[in-house]
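Asks: Take this structure, written in structure tokens, and hold onto it; I'll ask about it next.
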Amino acid sequence: WVDLDNVEAPEDDLRLRGAAKGAAMFARGEGIWMGERDLYFACTNGGAAKLGQIFRLTPGRTRIPDRMELFFESTDPEQLNYGDNLTVTPKGHLVVCEDQYTDVVTNHLRWIDPQGRAYPLALLRAQTELAGACFSPDGKTLFVNVYSPTATLAISGPWIG
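First residue of the sequence shown: 451, per this note's numbering; consecutive thereafter.
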């Protein structure tokens with residue numbers, strides 16, 4: 451962590467000043483979710499292929515420092531294509547909503563297991579994004595929003611992860 455002054459940044463230079471002091475820069479940081487032990491966040495167009503990354507922060511306990519790692523980086527649109535909103539399943543897997551705007555309409559919900567392997571979960575055939583994925587308190591129903599036209603979908607389990 452680095453301390454910065456003038457954080458309203460009227461010159462739109464906060465990220466540059468932070469990087470100059472040694473802070474990490476993340477590409478289009480969006481979805482964030484705290485699981486049982488770990489916090490995950492998405493960088494929608496991060497990575498060498500600019501298809502998305504997911505980072506994991508494990509908060510330190512007592513005298514153990516925090517640990518940040520690159521949990522997943524997409525190298526192919528079939529793995530993940532502009533993932534942003536995400537949630538952690540009751541069993542510790544991730545559900546990631548894609549948010550890509552191209553002529554080909556293929557925004558997915560992607561499943562990423564604890565080992566960092568991505569699988570397709572669902573496909574939305576509309577020129578809009580999926581967002582706000584979250585589970586019901588009993589973990590049996592996954593709710594996800596469709597941005598436009600607005601809708602909330604309820605998807606029933608059982609869920610393997």
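Backbone N, C-alpha and C fix where the C-beta goes; we use that ideal spot for every residue, glycine too.
Note that this is a predicted model, so its numbers are computed, not measured.
Which same chain residues, not among the five before or five after residue 496, have their C-beta less than 8 angstroms away from its C-beta?
Replies: Within the same chain, residue 496 has close Cβ partners 476, 477, 478, 502, 503, 523.
Asks: At what residue ranges does the segment 460-500 contain a whole run of the beta strand (DSSP E), taking only runs of 3 or more?
Replies: Fully enclosed beta strand (DSSP E) runs of 3 or longer: 479-484, 489-493.
Asks: Can you tell me whether DSSP reads residue 543 as helix, strand or coil?
Replies: Three-state result, residue 543: coil.
Asks: Can you check which of these residues, 595, 540, 481, 530, is closest to residue 506 by C-alpha distance?
Replies: The shortest Cα separation from residue 506 among 595, 540, 481, 530 belongs to 481.
Asks: Are three or more beta carbon pairs between the segment 539-550 and the segment 587-601 nearer than 8 angstroms?
Replies: Touching, yes.
Asks: Could you name the residues that DSSP lists as bridge partners for residue 570?
Replies: Beta-bridge pairing links residue 570 to 560.
Asks: Let's see if you can read the secondary structure: which residues bound the beta strand (DSSP E) around residue 503?
Replies: 503-508 is the span of the beta strand (DSSP E), which, as asked, contains residue 503.
Asks: Go ahead and label residue 533 buried or exposed: buried means 16 or more other beta carbons lie within 10 angstroms of its beta carbon, across all protein chains shown.
Replies: Label assigned to residue 533: buried.
Asks: Can you round the beta-carbon distance between residue 582 and residue 594 to whole angstroms, since I take them to be within the 8 angstroms contact cut?
Replies: About 7 angstroms separates the two Cβ atoms, so the contact holds.
Asks: In whole angstroms, what is the alpha-carbon distance linking residue 565 and residue 601?
Replies: Cα to Cα, residue 565 sits roughly 32 angstroms from residue 601.
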